[in-house]
Every structure is written in structure tokens, then in C-alpha cells.
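Protein chains: 2
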Amino acid sequence: MSELTRRGLIGAGAAGAAAGAMPGVAAGKRKRGRRRRHADVVVVGAGLAGLTAARELRRAGKSVVVLEADRRPGGRVWNHPLGGGEASERGGTFVGPTQDHIIDLAKALGVGTFPTFNEGDNVAYIGGSRTEWSDTGPTGTAPPDPTILPELATTVMELDEMSKEVPVDAPWEAAKAREWDGQTLETWIRDNSATQRYRELVPLATRPIFGTEPRDLSLLFVLFYIAASGDETHAGTFERNFNTREGAQMFRLEGGSGAVVEKLAASLGRRLMLRHPVRRIHQRGGGVRVQTDKLVVKAKRVIVAVPPALAARIDYSPALPFERDQLTQRMGQGTLTKVAARYEKPFWREQGFNGTGLSDSGLVTATFDDSPKDGSPGIIFGFVGGDKAREYERMSKASRRSNVLAAFAQFWGDEAKNAEEFFDTRWPARRWNRGGPVGIHGPGSLLANGRALRAPVGRIHWASTETSTYWNGYMDGAVRSGERAAREVLDEL
Amino acid sequence: MSELTRRGLIGAGAAGAAAGAMPGVAAGKRKRGRRRRHADVVVVGAGLAGLTAARELRRAGKSVVVLEADRRPGGRVWNHPLGGGEASERGGTFVGPTQDHIIDLAKALGVGTFPTFNEGDNVAYIGGSRTEWSDTGPTGTAPPDPTILPELATTVMELDEMSKEVPVDAPWEAAKAREWDGQTLETWIRDNSATQRYRELVPLATRPIFGTEPRDLSLLFVLFYIAASGDETHAGTFERNFNTREGAQMFRLEGGSGAVVEKLAASLGRRLMLRHPVRRIHQRGGGVRVQTDKLVVKAKRVIVAVPPALAARIDYSPALPFERDQLTQRMGQGTLTKVAARYEKPFWREQGFNGTGLSDSGLVTATFDDSPKDGSPGIIFGFVGGDKAREYERMSKASRRSNVLAAFAQFWGDEAKNAEEFFDTRWPARRWNRGGPVGIHGPGSLLANGRALRAPVGRIHWASTETSTYWNGYMDGAVRSGERAAREVLDEL
Numbered sequence: 036m037s038e039l040t041r042r043g044l045i046g047a048g049a050a051g052a053a054a055g056a057m058p059g060v061a062a063g064k065r066k067r068g069r070r071r072r073h074a075d076v077v078v079v080g081a082g083l084a085g086l087t088a089a090r091e092l093r094r095a096g097k098s099v100v101v102l103e104a105d106r107r108p109g110g111r112v113w114n115h116p117l118g119g120g121e122a123s124e125r126g127g128t129f130v131g132p133t134q135d136h137i138i139d140l141a142k143a144l145g146v147g148t149f150p151t152f153n154e155g156d157n158v159a160y161i162g163g164s165r166t167e168w169s170d171t172g173p174t175g176t177a178p179p180d181p182t183i184l185p186e187l188a189t190t191v192m193e194l195d196e197m198s199k200e201v202p203v204d205a206p207w208e209a210a211k212a213r214e215w216d217g218q219t220l221e222t223w224i225r226d227n228s229a230t231q232r233y234r235e236l237v238p239l240a241t242r243p244i245f246g247t248e249p250r251d252l253s254l255l256f257v258l259f260y261i262a263a264s265g266d267e268t269h270a271g272t273f274e275r276n277f278n279t280r281e282g283a284q285m286f287r288l289e290g291g292s293g294a295v296v297e298k299l300a301a302s303l304g305r306r307l308m309l310r311h312p313v314r315r316i317h318q319r320g321g322g323v324r325v326q327t328d329k330l331v332v333k334a335k336r337v338i339v340a341v342p343p344a345l346a347a348r349i350d351y352s353p354a355l356p357f358e359r360d361q362l363t364q365r366m367g368q369g370t371l372t373k374v375a376a377r378y379e380k381p382f383w384r385e386q387g388f389n390g391t392g393l394s395d396s397g398l399v400t401a402t403f404d405d406s407p408k409d410g411s412p413g414i415i416f417g418f419v420g421g422d423k424a425r426e427y428e429r430m431s432k433a434s435r436r437s438n439v440l441a442a443f444a445q446f447w448g449d450e451a452k453n454a455e456e457f458f459d460t461r462w463p464a465r466r467w468n469r470g471g472p473v474g475i476h477g478p479g480s481l482l483a484n485g486r487a488l489r490a491p492v493g494r495i496h497w498a499s500t501e502t503s504t505y506w507n508g509y510m511d512g513a514v515r516s517g518e519r520a521a522r523e524v525l526d527e528l
Numbered sequence: 036m037s038e039l040t041r042r043g044l045i046g047a048g049a050a051g052a053a054a055g056a057m058p059g060v061a062a063g064k065r066k067r068g069r070r071r072r073h074a075d076v077v078v079v080g081a082g083l084a085g086l087t088a089a090r091e092l093r094r095a096g097k098s099v100v101v102l103e104a105d106r107r108p109g110g111r112v113w114n115h116p117l118g119g120g121e122a123s124e125r126g127g128t129f130v131g132p133t134q135d136h137i138i139d140l141a142k143a144l145g146v147g148t149f150p151t152f153n154e155g156d157n158v159a160y161i162g163g164s165r166t167e168w169s170d171t172g173p174t175g176t177a178p179p180d181p182t183i184l185p186e187l188a189t190t191v192m193e194l195d196e197m198s199k200e201v202p203v204d205a206p207w208e209a210a211k212a213r214e215w216d217g218q219t220l221e222t223w224i225r226d227n228s229a230t231q232r233y234r235e236l237v238p239l240a241t242r243p244i245f246g247t248e249p250r251d252l253s254l255l256f257v258l259f260y261i262a263a264s265g266d267e268t269h270a271g272t273f274e275r276n277f278n279t280r281e282g283a284q285m286f287r288l289e290g291g292s293g294a295v296v297e298k299l300a301a302s303l304g305r306r307l308m309l310r311h312p313v314r315r316i317h318q319r320g321g322g323v324r325v326q327t328d329k330l331v332v333k334a335k336r337v338i339v340a341v342p343p344a345l346a347a348r349i350d351y352s353p354a355l356p357f358e359r360d361q362l363t364q365r366m367g368q369g370t371l372t373k374v375a376a377r378y379e380k381p382f383w384r385e386q387g388f389n390g391t392g393l394s395d396s397g398l399v400t401a402t403f404d405d406s407p408k409d410g411s412p413g414i415i416f417g418f419v420g421g422d423k424a425r426e427y428e429r430m431s432k433a434s435r436r437s438n439v440l441a442a443f444a445q446f447w448g449d450e451a452k453n454a455e456e457f458f459d460t461r462w463p464a465r466r467w468n469r470g471g472p473v474g475i476h477g478p479g480s481l482l483a484n485g486r487a488l489r490a491p492v493g494r495i496h497w498a499s500t501e502t503s504t505y506w507n508g509y510m511d512g513a514v515r516s517g518e519r520a521a522r523e524v525l526d527e528l
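Protein sequences appear in the order of chains R and E. Residues 36 to 528 (the working numbering) are what the first sequence spells out, left to right. Residues 36 to 528 (the working numbering) are what the second sequence spells out, left to right.
Here you go:
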């Protein structure tokens, strides 16, 4: 990707003429101060969903223009460079079994996978005491606390069972959809657990996975999310969602997940226009007109590949249907901040730890080893979600660093305080993301408006991981959604 | 209000020079194709909140420009003219005891009140059978069904009691806020009722009052809403909220509630600019710049007087804080459609009915007599909310009319089918409203982000009925919010 493209200068005028040299993408005259372009399809948003859709369309011989609001492509996928071609991920990181769409795409682009470092013990700091255990034991990722294990085993099994009754392509059609969408996960746990101690541990799952507290989640949405943690031939399970071993955290991508984005973006060249927030989409006379502050692109179809909450901020004419608009008013992005520390080497490995830590009290709920394949430097990242993310937001910059490193020290001792670098990614504060990891359905949302998640509106098609039937909220879901939206468009062109 | 203003032509160029003649409101040159103006304060949105704020600011000698996206002022207040200066209301209609802010404002503008017609019997069509009763009896507005009355009495009393523990200015500080914001109203009713029959009747309250099903509502929000159904010297009660007699439906406004809007708008003259959706608000260098497609207004402060879900669709720079943005991603507008029929005369009155009907099965959940003071013509309006509003949306235009009139006929016989006119107002389908009657908090919303409802962000202040501590969701709350936002601004100017 050229520096010109990266800085979003293309489309602001300078390179408009050059665009005419691309097959099927024509540059035109200015109209009311905006430069005009033409393409078969406009893609709004250069996250994994949009970039995948653009790739599929180009492979089918269609011309595309991809408009991205931010100054970088990738959306919720974003490398933090470590030097030497290595990176730590600020957003989506892992891939795992049944996530073949992202894995195949990475492979096709020459990005390999490697196992997440997972030798040694997990560690937890829960109820004020510290526990170490091997995740190859009977409790897996869960701490071997005898007071909560029976409840944990029962509720996870029950949720898995219930999730089998939820169709991933239409959760609102589950036989018990009304019952399940009428309550929060908190309510269901309250009704199906025996001890307060266990109930207090449930945020350990919801903060990293959804960026929420249990109260924010519709039970039906949680069951859908579990059902979606699989593929067409493997029923989803909660364990596959939250585990490293044989789960969604099993593999990493060489050079960081951002390497996939960089390759997709580079192949688009000047078809990708950064710093071009789309303001309006007009449908009229057999086509669409997609407008940014500086540009109008006329096309046959448009794929809006941003989360529903951000898609709501585009002005559509004619106005979108009732259900689609109401969906986007309610489906906010999760509240997840990611924090990370860099060390000369992954010192926890030498102590017999795998870098996975869980805490019910500190800012950081769950951590992972995110070091490069060769273990140099050592990187730990942590999830700060839900109420903890709001607490983090109110802290000074210095407190954030010291609190996070103190939390890491509870897991692996004082050496954790000697970080070479500390960096955080406050997704809800980022103007063009406004949250993560995924859009959240509270009670009633799927039942009322779920049908509008994917249904095209005239010549507008919807992508983003929130629209995916499998691995919703994951990179795999984003890739799947881009592929599906591209197919929809190709069927019509 | 002049036709020019009504058609939004002012500010598009033609009348820009004339604007310079207004004290304190200066018109400037075009910049990048947009005309420029100056004022002390910009108000975004010409609903009751924004119009009230503008009035207060002008009374204090400040210059204002009010920018409204729609082609009419009023927001959720909108008259349907009946001829002869009479009107039926498409949106907010009634006022009642403790709603002194809207009543005083109306009085100051020369708009009088009159009692809602309430002589004769209520009628209900519930569980397939029809009941008539006087609301002066012991059950009030509730049908005298012995199978549900004990539960109804108990739950309303309990909700009233619980609501006393909710501070209207900070519901998230209630001692039990975490418990109450962790569940839906549906869950609470399930846990506190004995019969399925009673549970099925709860939507009769939530559809007209909130435009939702019980599953969509946080219990904490419902308790706040009840607490807010009063004033500084009268504790809120659910009964005051839903009753006509001594309740929020007790009085009407002469010439329709829209008369208040029309007078406020007329007094603003060219300071009110219709068809000017605000696209961006920049804060920089000690002021704000508020931008529409055709205009930039520079001011010292801005009051954004639109519901949170619509405020989210403005692009702010610098970007809004984390909590404020997340609030607006989750707080969708209710799903309420209003339907109405006009008859030569209010024939139900002659049959001994007051025009109030309740139904658990038909499209229309609750009706009211909305005839002019002199009873000519006769008007019945009905609320179609929540699931029923979505059902309505999927019907053909002809089915909508015939279904609504059939529902009216279940209450008052076949004469109801002979309407001279039928009209509906599908609030969620309206581009610049996108729902009603109020923004809804699902579980977790108030606890996580409630603090951001009113907190100014630099030079941006927030109004709209959703920000009001009393009569949230009502016209009185809108007026209160406009007064409060104006005070905030005046304290700073």
C-alpha cells in the first residue's frame, strides 16, 4: 500500500485521474465540490468483512471501490508492530478449529498459523487467593475450585444443550425464543446456580468474550453465540468458544492477524480509500450513490461492512425500513479495552506458566501470551471489559499502566512490573469503532429485529461479523460475512 | 410562520441577507459552498425540548438559531388538522396533574386546557370476551376481572413501593440498582405473579406507555419511569402515569398539543430553519461550529435537543466520550404507531362509553377519545405498540385500516367501521423520529451509561424528554429538559 493511499490522499483530488486507469473504475468530474467515481460495487468499511467482500468481487471480475473512515484498514483487526516483521494484536488475535474461512483466507494470502503458546500452568487470582493448575487436567481452562466446579460444569452443559435448539440463521425461530429473549444471562444464572460465589465469577466469561456484564446479554443471544461457535458440521459449544486447547484461541497468525489485512489492502491499491467516512447512501434509478465529504461513487450495489451501530450513522435515502433502523438503535458494541505489556522475554514461561491468567478482582479479567512465534520479545495481553473497562476509562494514564502491571504481577510476580512497553487499545473510545469485540443483543432485540440483520434493502447489502451465522463476533465470522455479501451481490449483477 | 420558513428555504441562500437584520444573529459569507451564520447558541432539534430552550435563551437576551431536520417543527408533537382550528394529535396529546411545566408554558402562550372526555364506561376485549365498567369504580382503569385483579393490585403497589427507592436524578444510585438493572420487567413479573393470564396482560401497559414488550424493559428503568411520574412535591406513581382520572391523560390542549409548537415556532421566525439536518458538531477554540448540508453556524454553545438514538447520528469532533457514545448505541426509541379514525360525531358517547378501550388480542391495545372540545367531529385514537407495531408494519395499507376499524368495532359496535377518515402515524418509520414515545433503557444501560444522559460535553448540552428527571417520555419532560439545558447554558454565557 502506498503512502499516498495510507494517508487517504487519493480521492481528495490528486490521484483521481490515475484511478481512471483501473479497469472498470472510472474517475469523473467534480459535482458540487465532490469528485465522482464509478464502480460496480462500493464497499463501506475496510475491516475483514469489507476487504473479503472486495476480494471476492474482484475475483469475479467486478470493479470495486472500498471506502474506509479510519486512517488505516482493518477495523477491529490492528497490528501493533514489534519490529522485525513481528506484531502484537490490538484487536482480533486468535483462530481455531472450525474457523476455516479465516484460516483458508490467511493461507491463500501466504499468512501461516502457529500454535498459541500453551505450555505450563494457568493461574487465577480469585476471591483473594492464587491458584495454579494445568489446563490439561479435568477442569480445563476453569480454575479447579471445588466450591464452584459442579455449578460451572452444570451450567456450561445446560447452555450447550439449550444452544442446540437455536438455529444459527434464525435464533428468533427457536421454540423457546420468547422465553429466552425475555431474560438476561444474569437472570438465568441466578435461577440456575446455587452459590453467590459462582454467580460472581460469571463476568469472568462475559467481560472478555462479549465486553459486557451478564446483565447486558439476552439469554437467547448467548445461546445463539454458543451455537455459532462451530461450523456446518460441528455443533457449537461454549468450550470451543472460550478454550485455548482445541478452542478459538488455539492458533495465531504469523506476523499478527493484521498481516491478513495488510495483504488484502495492498491488493486493492487505489481502490481502497482511507479517511473517507461515508455520510450518505442514496438509492435511485437502478443504482446507488455513496457519498463521502469529498467523493461521490456511483455503483450498481453497495455492501455496508461495518457494525450495525455504526451503519446507523449513515444517512440513507430513501430511509431504511422500520425494523432495520430499530435494530441498529439497540445493538450497541461491547465495551472492551485491550491492554498489553512487552518484556525482553516471556519470563513466565521459565516459571512454568503459559501466560493465561484469570482474575475476579483486578482490572484485567483474562490474559494470554501474545509473544511472537520465536518468543522474542515476550508479550502478555489482557482483556478489560464491561464494568472494568468503564473503571479503566476513568483512570489517569499513569494509573492505567500501574494497575495493569500490578494485575500481571499478581499472576507472575514482580518481574511483570518491569515492562519495556505498555500499550492499550480502548476500542469504545475509537471514533470509527466505538466498541468491541461485537455488537450485543440485549433482551428483545433478536426477536423484534433479528430478521433485519442480513436482509438486503434494495441495493444495499450488509456484512460485518455481527451478520454471521457462524463465529459471530470473531474474525472467521467477518470473513464469512464478506463472502456471503459478495455472493448476494454477484447473484444480482 | 411564513411559508418560506416552513419550506426550509431560509438558510439555503435566499433569505440569508435578511437574517442579518435580526439582533445578534449575523449572516456571513459562503465557505466551501455553505452559508455561514453566527449566534450565541445553536439548538439542534425543534421539538418541545429545543423550542423551549430557544424560548428561554431569547428571554434572557441571547441570540439563537434552531436547526430542525424535518420539514415541520414539533418532533413527537404533531397536529393532524380537522378544520376550523381544531386538531387531533398524531403524537404527544395529554397533560395532567404535576405536569406544570407544559401546562404553564401552554398558558403563557395562550393555549388553554380542557378535560379529556371521560364520561361513561371503559370497555375491554380481553381473553375473547367483552367487559364494560366505570373507571370511577374500585378498579379504576383496570378491567374488573376477578381472576387478575389481586395480582394487578399487588404488582402495581409493589412497583410503586420499589420506585420510591429510585432517585429520579440518578437511578443508578438506588441501593438495589444492580439487582433491578440486571433483569427485564418480564422476568420480574414472572417471578411476582401467579397466573399466566395475568402475565399475558402486562403488554397492555407496556405497549402504549413505552412502545415495547415487557421483555425490552430494564426493571430499573420501569421503576425510574414510575418515580418520574410526579414532581418535586408529589412522589411518582404508576397509577398517575396510566390513568385518565387524576392522571397523565386528564387534560387536553385547546387546538391540539401542536398549538404550543406552532406558537413557539412562530415566535422564532427565521431563527428556526427547517429541513436542516445537522451533520456535524465541531468544538474548537472556545466555540462550536454546527454544520448542515447548506449552512455552518458558529456559536458559543450548542444544545442538542433530539433523542439519544438520533443524537448518535451526528458526527462530533472531537469524538464524544466513551460512555456518552455507548449510551446512544443502546438506547433505542420505543416502537409505537398511533392510529385514528374520524367520525361525524362521537357516537360512542351516546351509547354511554368514554372512548377508552383495552384489548389483548387486536392490533390496538388502548384507545382514547380525542375529539375536539365541542365533540365535533368525533375522533378515536389507538396505540399500536411493540410486537403489534411490527405486525402492523407488515400489513398492506388497506389491511391496516380495516383491522383497526374492526378493533374499534369490537369496542363500540359496527358503527365504528364507518369512519370518515382513517390516519396513522408510524413513528418508527419516520426518518427524523425513528420511534416513540421515548428512548428505552434495556438491562444494564442506566447502570453503565446513565451518567452520560445529561452531562454536558464541553460546549455541548443535551435536552429531550429522555434527559428529564420528571415526566420522562412526556411533553412535560421535554419542556423541563429544555428549561434545564437553557439554564446550564446561561450559567456559562
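Virtual Cβ for every residue (Gly too), placed ideally from N, Cα, C.
Backbone secondary structure at G417(E) - three-state DSSP: strand
Identify the contact partners of Q368(R) in chain E, using a Cβ-Cβ distance below 8 angstroms as the criterion. Q361 and Q364, listed in chain order.
- prompt: Closer than 8 angstroms, CB to CB, is P463(R) near chain E or not?
  reply: yes
Can we say the stretch 112 to 123 of chain R touches the stretch 396 to 414 of chain R, given the rule of at least three CB pairs closer than 8 angstroms? yes
| task | Indicate the three-state DSSP secondary structure (helix, strand or coil) for P58(R) in the structure shown. | result | In this predicted model, P58(R) has a pLDDT of only 45, less than 50, meaning its place in the structure is not dependable enough to derive any value.
Report task. Take the Cβ of S516(R) as the centre, count every other Cβ of all protein chains shown within 10 Å, and call the residue buried at 16 or more, exposed below. Result -> S516(R) comes out buried.
Assign R380(E) to one of two classes, buried (16 or more other C-beta atoms within 10 Å of its C-beta) or exposed (fewer than that). For the record, residue 380(E) in the displayed sequence is Lys; it is not Arg. By the neighbour-count rule (16 or more Cβ atoms within 10 Å), K380(E) is not buried but exposed.
Identify the continuous alpha helix (DSSP H) that holds E91(R) and give its terminal residues. Per DSSP, E91(R) belongs to the alpha helix (DSSP H) from L83 to R94.
Relative to chain E, which residues along the stretch 234 to 264 of chain R have a C-beta separation below 8 angstroms, given in chain order?
T247, E248, P249, R250 and D251
Given F277(R) as reference, the closest of G163(R), G367(R) and F403(R) once Cα atoms are compared = For F277(R), the nearest C-alpha among the options comes from F403(R).
Fill in: Where T230(E) falls, given that 16 or more other Cβ within 10 Å makes a residue buried
exposed
### Within the stretch 148 to 217 of chain E, ranges of the alpha helix (DSSP H) (whole runs, at least 4 residues)
184 to 198 and 212 to 215
**Asked** Taking the alpha-carbon positions, what's the G508(E) to R436(R) distance?
**Response** 42 angstroms
For a contact meaning CB atoms closer than 7 angstroms, what does P181(E) contact in chain R? Those within 7 angstroms of P181(E) in chain R number zero; the least Cβ separation is about 27 angstroms.
**Report entry** Host alpha helix (DSSP H) of G517(R) (start-end)
**Finding:** G517(R) -> alpha helix (DSSP H) spans M510 to E527.
Does the contact criterion of 3 or more C-beta pairs under 8 angstroms hold for the stretch 249 to 257 of chain E versus the stretch 477 to 488 of chain R? Contact between the stretch 249 to 257 of chain E and the stretch 477 to 488 of chain R is present, because at least three Cβ pairs lie under 8 angstroms.
Worksheet item: Between L393(R) and P178(R), is the Cβ-Cβ spacing less than 8 angstroms?
Response: For L393(R) and P178(R), yes; Cβs fall inside 8 angstroms.
Q | Delimiting residues of the alpha helix (DSSP H) encompassing P238(R) | A | Where P238(R) is concerned, the enclosing alpha helix (DSSP H) stretches over P238 to F245.
Rounded to a whole number of angstroms, what is the C-alpha to C-alpha distance between R519(E) and D526(E)?
-> 11 angstroms
Alpha carbon to alpha carbon, how far is A334(E) from G320(E)? Give it in angstroms, no decimals. Rounded to the nearest angstrom, the two C-alpha atoms are 11 angstroms apart.
TODO: Using the DSSP secondary-structure output, state which residues sit across from N114(E) in a beta bridge.
DONE: E124(E)
query = Closer than 9 angstroms, Cβ to any Cβ of chain E: which residues of the stretch 84 to 110 of chain R, in chain order?
reply = none
### T372(E), DSSP secondary structure in three states
strand
| task | Could you please give me the residues that DSSP links to T460(E) through a beta bridge? | result | K373(E)
### Message
By the three-class DSSP mapping on this structure, what secondary structure does F259(R) have?
### Response
helix
_Element boundaries [alpha helix (DSSP H), containing D139(R)]_ = Its alpha helix (DSSP H) spans residues D135 to A143.
Legend entry - Beta-carbon neighbours of T219(E), restricted to chain R and to distances below 7 angstroms: G217, Q218, T219 and P478
Exercise. At 9 angstroms on the CB atoms, spell out the chain E contacts of R125(R), in chain order.
Key: Residues of chain E passing the Cβ test: none, with the nearest at roughly 17 angstroms.
Q) Got a sec: is the Cβ-Cβ distance from G80(E) to anything in chain R below 8 angstroms? A) no
Original post:
Under 9 angstroms Cβ-Cβ, which residues of chain E neighbour E428(R)?
Top reply: P356, F357 and E358
Please work out which residues of its chain come closer than 7 angstroms, Cβ to Cβ, to S169(R), disregarding the five sequence neighbours upstream and downstream, and give them in chain order. D156
Margin query: On the DSSP letters alone, give me the boundaries of the alpha helix (DSSP H) that Y505(E) sits inside.
Written below: Careful: Y505(E) lies outside any alpha helix (DSSP H) and carries neither H nor E.
- Would G68(E) count as contacting chain R if we go by Cβ distances under 8 angstroms? yes
Taking only beta-carbon atoms, is T222(E) less than 8 angstroms away from chain R? yes
| task | Over the uninterrupted beta strand (DSSP E) stretch that includes K333(R), give me the two end residues. | result | L330 to A334
Query - Complete runs of the beta strand (DSSP E) confined to the stretch 377 to 432 of chain R [at least 3 residues] - result: 388 to 394, 401 to 404 and 413 to 420
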